[in-house]
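Remarks on the structure that follows.
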């Protein structure tokens, strides 16, 4: 495996403030809250989703955004209360479900990137999210 | 985000701590969206009561803590005043009357009742349905609303010409106490025009047809705004209810136009307004069959549960089920539950529909549904439903196999215990 010595820098807009680093979990598919995740362990349960069975707890979740029921924010809110929320949310499609969900999950969140995050970030990469500065640093792992 | 003097005063505590917490959340939410301002609303439909095991610990500290934390995202427990806007409770976790049949813990129904007493005291109308527009909350044309429930939102926007985004548990709590919601998305006229075209080549007439077309629409347009034209007939409340719920489940459709039928589309030209169709799709017999196949998640044809009433059934739908079951008996291994708003159930009882469904061995439930409550009759392995939305969600939530088909196919499966389907 190749390791980049200089992290890749992506700029974007902070949606929820804060700085955090961690391991990326990347999907090009939107995620359902109610009916799509288990809020007790942070796993994806939608049967046709490419991440079905995997947990986003403590991960830098990179995804297009929210879909499905209006319970989205309430379910991600519960992942925070249950201690299994993602460490950060990087998303590309702004919706009311996504904005409210990010706000009540209270983890650093960003959107409006100057690069394609789905090709720049791979699952397992080490990512530093600084939503205050509007930057994402990606180190390939 | 720009705030009016009144909104600034709310933020600064002039309306009390709960209103200040509500305004704080609306500001965080509006800024996240990039909204320029808030808009006044006097029509809120949200989820305020406590009915699930996950909120039990919070509810033990009192219902003000439930509202503070889960409806306002406030770490501090604040005293909850009267709702400032007209507000109703959507679908909930437990059937207030049939809770034992649902297998709900007696402590859970007590918690739900205590929370309903708390919010009812503060002016929340306990409609307890995913279809508030069937029981008295019908937005007027252009009315700014703050609604949750994806199937209700698409109905409000598409079928009625009300204006709402898909709101959540926290934003509806904040809207109820302030009468404000971010002025963003579907509140703005320019965001309501069609940007996708669907040409319907195969006849769409029956409930099954409209459900399949809805599921196709969501698959094709995702979160965009379709304009549907072609071989469409029988447009009415229940068809649009079914169509919208399906489109909101397979995609994230929140607004659509059917020229000549829906209020913001007297013509295709009006439907597209200043926008245009960036993509076009054709719905034909092959697409219809593909959607039907996609909705099946079962292999075992021995069915043990028939789920009807998602979104909650209209009075005519309940009457139709009573008619189909008249003088017959369900297969002894099959349970059949019909779901309808409490207010409609009262009319169904008076009309004799409930007695006829019960005589056949079925049950008429209210307030909830199996996907929301996560409660099915004990030991269920294979379900059948006439709802594309329920077929989409319930198998994943309840870990059961699911068949989808027409009401007639579901009733036949209920009577014989075997799924035959429609194709």
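Protein chains in written order, with the numbering used here: chain A, 395 to 535; chain B, 2 to 424.
Cβ atoms here follow ideal geometry from the backbone N, Cα and C, with glycine treated the same way.
Values in this document were obtained by computation on a predicted structure and should not be read as measured data.
Where does residue i fall in DSSP's three states?
i: residue 284(B); result: strand
i: residue 453(A); result: coil
i: residue 331(B); result: coil
i: residue 32(B); result: helix
i: residue 361(B); result: coil
i: residue 402(B); result: strand
i: residue 88(B); result: strand
i: residue 215(B); result: helix
i: residue 148(B); result: strand
i: residue 77(B); result: coil
i: residue 202(B); result: strand
i: residue 471(A); result: helix
i: residue 269(B); result: helix
i: residue 25(B); result: helix
i: residue 164(B); result: strand
i: residue 239(B); result: helix
i: residue 127(B); result: coil
i: residue 232(B); result: strand
i: residue 245(B); result: helix
i: residue 65(B); result: helix
i: residue 444(A); result: coil
i: residue 190(B); result: helix
i: residue 155(B); result: helix
i: residue 95(B); result: coil
i: residue 47(B); result: strand
i: residue 509(A); result: coil
i: residue 347(B); result: helix
i: residue 13(B); result: coil
i: residue 395(A); result: With a pLDDT of only 48 at residue 395(A), under 50, the local geometry of the prediction cannot be trusted, and the value read off the model is given with reservation. Coil.
Quickly, what does DSSP pair residue i with across the bridge? List them, please.
i: residue 182(B); result: 40(B)
i: residue 227(B); result: 197(B)
i: residue 503(A); result: 410(A) and 483(A)
i: residue 405(A); result: 529(A)
i: residue 367(B); result: According to DSSP, residue 367(B) bridges with nothing at all.
i: residue 308(B); result: 338(B) and 386(B)
i: residue 416(A); result: 521(A)
i: residue 437(A); result: 432(A) and 449(A)
i: residue 258(B); result: 228(B)
i: residue 426(A); result: 461(A)
i: residue 419(B); result: 303(B)
Within its chain, find whatever has a CB closer than 6 Å to the CB of residue i; leave out the 5 residues flanking it on each side and keep chain order.
i: residue 251(B); result: 216, 219 and 220
i: residue 461(A); result: 424 and 426
i: residue 173(B); result: 45, 47, 147 and 149
i: residue 522(A); result: 415 and 531
i: residue 394(B); result: 372
i: residue 336(B); result: 306 and 378
i: residue 359(B); result: none
i: residue 465(A); result: 427 and 428
i: residue 498(A); result: 467 and 471
Between which residues of its own chain and residue i is the CB-CB distance below 8 Å, once the five residues before and five after are set aside?
i: residue 63(B); result: 78
i: residue 413(B); result: 421
i: residue 278(B); result: 195, 196, 197, 198 and 228
i: residue 290(B); result: 424
Tell me which same chain residues have a C-beta within less than 7 Å of the C-beta of residue i, skipping the five on either side of it?
i: residue 517(A); result: 418, 419 and 420
i: residue 494(A); result: 467
i: residue 56(B); result: 67 and 71
i: residue 30(B); result: 172 and 183
i: residue 238(B); result: 315
i: residue 96(B); result: 103, 366, 367, 368 and 369
i: residue 535(A); result: 518, 519 and 520
i: residue 524(A); result: 413
i: residue 269(B); result: 228, 230 and 260
i: residue 401(A); result: 531, 532 and 533
i: residue 11(B); result: 20, 21, 24 and 179
i: residue 395(A); result: Caution applies to residue 395(A), whose pLDDT of 48 falls short of 50 and renders its modelled position unreliable; the value that the coordinates give is listed next. So the list is empty, once near-sequence residues are dropped.
Using a Cβ-based criterion (distance less than 8 Å to any ligand heavy atom), does residue i qualify as near the ligand FMN?
i: residue 372(B); result: Summarising the ligand content, the structure contains no ligands, and the ligand FMN is consequently not present.
Is it a yes or a no for the segment 334-344 of chain B touching the segment 132-144 of chain B, going by three-plus beta-carbon pairs under 8 Å?
-> yes
With contact counted as at least three CB pairs below 8 Å, one residue from each stretch, are the segment 494-507 of chain A and the segment 85-99 of chain B in contact?
-> no
Check whether the segment 353-373 of chain B touches the segment 318-330 of chain B, counting contact only when three or more Cβ pairs, one atom from each stretch, lie closer than 8 Å.
-> yes
Meets three-Cβ-pair contact criterion under 8 Å: the segment 182-198 of chain B and the segment 402-413 of chain B | no
Decide yes or no for the touch test of the segment 203-215 of chain B against the segment 106-113 of chain B: beta carbon pairs closer than 8 Å, at least 3 of them.
-> no
At least three beta-carbon pairs within less than 8 Å, the segment 224-235 of chain B to the segment 197-204 of chain B | yes
On the three-pair Cβ rule with 8 Å, is the segment 480-488 of chain A touching the segment 440-458 of chain A?
-> yes
Taking three-plus beta-carbon pairs below 8 Å as touching, is the segment 439-447 of chain A in contact with the segment 382-397 of chain B?
-> yes
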